[in-house]
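**Q** The sequence shown stops at residue 140 when you use this note's numbering, and every number in between is there.
First the structure, which I've put down as structure tokens, then a few questions once you've had a look.
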Amino acid sequence: MKNIKALTSDEMKQLRHLIATTDNSILRRRCQCILYSFQGMQVNELVDMFQVDRRSIYNWMNRWNQGGLEALIDKPGRGLKPKLSLSCQDHVEKVKQAFQMYQGNYYRVLEHVNTRIPQPVSHDTLRRFVKKLMVSGV
């Protein structure tokens, strides 16, 4: 079984500080796991405690050993990217143009938008985008 063997007092303070202050529940769990492992808890006990797969526990420990606290923090840019974005002026213009051309016919607007952007969007995606567009006042 694998455990965290060495933690300095500064590292333990940093981990405890993050556990107490961070809003990121995933990071908090990872920090707790590292501390518990250092205190002698076995991987099986950590799996039961955190209700995650054994591989996740090993991944957290490997990340800690390779890069410390910084390695436990998720990097930005993960996850599914939006198909329509307010920051993309092209998307905003195409949706506005479609609504001007097909006033009152939402399905024609959707069809128009889908023929002019690289990734087709669903009715719900377009509806959410339009709602954001109206709230932002763009």
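Every residue gets a Cβ at the ideal spot worked out from N, C-alpha and C, and that includes glycine.
Check whether the Cβ atoms of N5 and S39 sit closer than 8 angstroms, and answer yes or no.
**A** Within the sequence shown, the letter at position 3 stands for residue 5. Within the sequence shown, the letter at position 37 stands for residue 39. Cβ atoms of N5 and S39: closer than 8 angstroms.
**Q** Pop quiz: L88 and K133 are said to be a contact at Cβ under 8 angstroms. What is the actual Cβ separation, rounded to whole angstroms?
**A** On the sequence shown, position 86 is the one that residue 88 refers to. On the sequence shown, position 131 is the one that residue 133 refers to. That belief does not hold up - the Cβ atoms of L88 and K133 are roughly 11 angstroms apart, past 8 angstroms.
**Q** Here's a check: name, in chain order, each residue in its chain whose Cβ is nearer than 6 angstroms to the Cβ of R31, leaving out the five neighbours to either side.
**A** As a working mapping, residue 31 is identified with position 29 in the sequence shown. So the qualifying residues of the chain are F52.
**Q** Relative to the C-alpha of L86, which candidate in Q68, T127, I21 has its C-alpha closest?
**A** One-based indexing of the sequence shown puts residue 86 at position 84. Nearest option by C-alpha distance: T127.
**Q** Rounded to whole angstroms, what is the Cα-Cα separation between V123 and V137?
**A** Residue mapping note: residue 123 aligns to position 121 of the sequence shown, counting from 1. Residue mapping note: residue 137 aligns to position 135 of the sequence shown, counting from 1. Going by the C-alpha atoms only, they are around 20 angstroms apart.
**Q** Go ahead and pull the three-state DSSP assignment for Q105.
**A** Within the sequence shown, residue 105 is the residue found at index 103, counting from 1. Of the three classes helix, strand and coil, the one that applies to Q105 here is coil, per DSSP.
**Q** Between L9 and the rest of its own chain, which residues show a CB-CB distance below 6 angstroms, the 5 nearest in sequence each way excluded?
**A** Walking along the sequence shown from the start, residue 9 turns up at place 7. Residues of the same chain with a CB within less than 6 angstroms of the CB of L9, apart from the 5 flanking positions on each side, are F40 in chain order.
**Q** Which class does M43 belong to by DSSP, given the choice of helix, strand or coil?
**A** By 1-based counting over the sequence shown, the position of residue 43 is 41. In this structure, M43 counts as coil in the three-state DSSP scheme.
**Q** Using the Cβ count rule (16 or more neighbours within 10 Å means buried), how would you classify M63?
**A** Stepping through the sequence shown from its first residue, residue 63 is reached at position 61. Counting other Cβ atoms within 10 Å of its Cβ, M63 reaches 16 or more and is therefore classed as buried.
**Q** Residues in the same chain with beta-carbon distance under 7 angstroms from V65, minus the five sequence neighbours each way, listed in chain order, please.
**A** What you label residue 65 is simply residue 63 of the sequence shown in a count that begins at 1. Here residue 65 is Arg; the residue named in the question, Val, does not match the sequence. A distance below 7 angstroms between beta-carbons, with the five flanking residues on each side excluded, links R65 to the following residues of its chain, in chain order: A73, L74.
**Q** Would a C-beta distance cut-off of 8 angstroms place R118 and K96 closer than the cut-off?
**A** The residue given as residue 118 occupies position 116 in the sequence shown. The residue given as residue 96 occupies position 94 in the sequence shown. Against a cut-off of 8 angstroms, the Cβ pair of K96 and R118 comes out as a contact.
**Q** For Q44 and L71, what's the separation of their Cα atoms in angstroms?
**A** Numbered from 1 along the sequence shown, position 42 holds the residue referred to as residue 44. Numbered from 1 along the sequence shown, position 69 holds the residue referred to as residue 71. When only Cα atoms are considered, Q44 and L71 end up about 21 angstroms apart.
**Q** The alpha helix (DSSP H) with G70 in it runs from where to where?
**A** If you number the sequence shown from 1, residue 70 lands on position 68. First-last of the alpha helix (DSSP H) with G70: 56-74.
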